[in-house]
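Participant: Numbering (the numbering used here), first residue to last: 4 to 256.
The beta carbon of each residue, even a glycine, is placed where N, CA and C say it ideally should be.
As the structure is a computational prediction, the values presented were derived from the model and not from experiment.
(1) What residue does the beta strand (DSSP E) around residue 46 start on, and which one ends it?
(2) Residue 182 to residue 47, Cα distance in whole Å?
(3) Check residue 163 in the structure and name its three-state DSSP category.
(4) State buried or exposed for residue 115, treating a residue as buried only when at least 16 other CB atoms are found within 10 Å of its CB.
(5) Please report the distance separating the alpha-carbon of residue 225 from that of residue 165.
(6) From residue 112 to residue 88, what does the alpha carbon distance come to, in whole angstroms?
(7) With a threshold of 6 Å on Cβ separation, who are the neighbours of residue 190 within its own chain once the five nearest residues in sequence on each side are excluded?
(8) Which one or two residues does DSSP pair with residue 233 in a beta bridge?
(9) Quick check: the Cα distance between residue 74 and residue 110, rounded to an integer number of angstroms?
(10) Under the DSSP definition of a beta bridge, which residues are partnered with residue 226?
(11) If you measure between the beta carbons of residue 84 and residue 213, is that distance less than 8 Å?
(12) Mind reading off the beta-carbon distance from residue 211 to residue 107? Whole number of angstroms is fine, and I expect it under 8 Å.
(13) So residue 194 and residue 52 are supposed to be a Cβ contact under 8 Å. How far apart are they, rounded?
(14) With H, G and I counted as helix, E and B as strand and the rest as coil, what does DSSP make of residue 81?
(15) So which of 56, 232, 117 has the shortest CA-CA distance to residue 42?
(16) Taking the CB atoms as reference points, tell me whether residue 176 and residue 240 lie closer together than 8 Å.
(17) In angstroms with no decimal places, state the Cα-to-Cα distance between residue 246 and residue 71.
(18) Which word fits residue 118, buried or exposed, when buried means at least 16 other C-beta atoms lie within 10 angstroms of its C-beta?
(19) Relative to the C-alpha of residue 174, which candidate in 184, 188, 187, 153 has its C-alpha closest?
(20) In chain order, what residues of the same chain have a beta carbon less than 6 Å from the beta carbon of residue 32, not counting five sequence neighbours either side?
(21) In three-state DSSP terms, what is residue 197?
(22) Rounded to the nearest angstrom, how far is the Cβ of residue 76 from that of residue 59, given a contact under 8 Å?
(23) Given this structure, state the Cα-to-Cα distance separating residue 91 from residue 98, to the nearest angstrom.
(24) By alpha-carbon positions, which one of 256, 125, 170, 206 ends up nearest to residue 235?
(25) Only counting the same chain, and skipping five residues up and downstream in sequence, which positions put a Cβ closer than 6 Å to that of residue 34?
(26) Measuring CA to CA, which of 86, 82, 208, 49 is closest to residue 68?
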């Protein structure tokens with residue numbers, strides 16, 4: 004086979020020779036340079052702040068980018084979350100500015116008894132601020148407690164698990180994988196931080212984002228991405244893929 008030597012490449016030709024990363028994808032270490040969260044089979048929701056946003060007074064609708072096609076809406080102008088362009092790593096964010104703001108999807112399917120949830124968000128200084136909840140009652144998937152800790156909250160005081168007591172400023176990726184009655188594992192920026200046997204079911208709707216769904220206890224922080232995988236327990240390698248993707252695209256630690 005002939006060997007080419009001293010081949011000259013014009014600068015204008017370089018983009019065609021380099022691997023291209025499609026919009027919304029980040030390079031994950033040890034995986035394809037075009038890794039997408041949808042590469043993991045079982046995604047039932049993918050909200051990302053750079054796509055599917057409808058602006059009215061604030062964000063009036065946020066469309067799911069998974070095949071499920073869910074749409075989170077808020078028809079009341081005073082309850083519509085803010086939309087901030089160039090919030091993190093040149094990408095936008097949804098959230099705040101006060102506890103009354105939230106988006107809701109009333110008809111979304113339940114997660115099932117085995118599921119994984121990925122949320123990338125910033126911290127809030129507000130005590131009992133809810134980031135994502137299954138309903139309007141005093142339950143949450145993810146919240147800020149006492150103005151500092153990121154917590155996974157399964158609906159009872161005994162089923163509450165802490166990701167980080169004093170999160171640093173900026174975005175953080177929080178991942179939970181759960182099989183009802185068997186296992187619950189939490190990851191904070193790619194690192195496992197808790198493991199437990201859950202006493203409350205995960206088989207609920209991922210119904211509200213950026214708040215509790217009642218006009219109170221909303222987050223003053225920002226949410227850039229929410230992903231759910233129904234019937235899926237993420238493996239450690241998949242968690243690392245998602246972590247590296249988030250670092251590359253959203254700029255989380």
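Facilitator: According to the structure shown:
(1) 46-51
(2) 16 Å
(3) strand
(4) buried
(5) 19 Å
(6) 30 Å
(7) 178, 242
(8) 118
(9) 9 Å
(10) 97, 124
(11) yes
(12) 5 Å
(13) Between residue 52 and residue 194 the Cβ distance is about 24 Å, and since that is not below 8 Å, they are no contact.
(14) helix
(15) 232
(16) no
(17) 23 Å
(18) buried
(19) 153
(20) With a pLDDT of only 38 at residue 32, under the threshold of 50, the placement of this residue in the model should not be trusted; the figure read from the coordinates follows. Correct list, in chain order: 247.
(21) strand
(22) Not quite, the Cβ-Cβ distance comes to about 10 Å (not below 8 Å), so this is no contact.
(23) 13 Å
(24) 206
(25) Reliability of the predicted coordinates at residue 34 is poor, the pLDDT of 39 falling under 50, and the value obtained from them is presented with this limitation in mind. Answer for residue 34: 244, listed in chain order.
(26) 49
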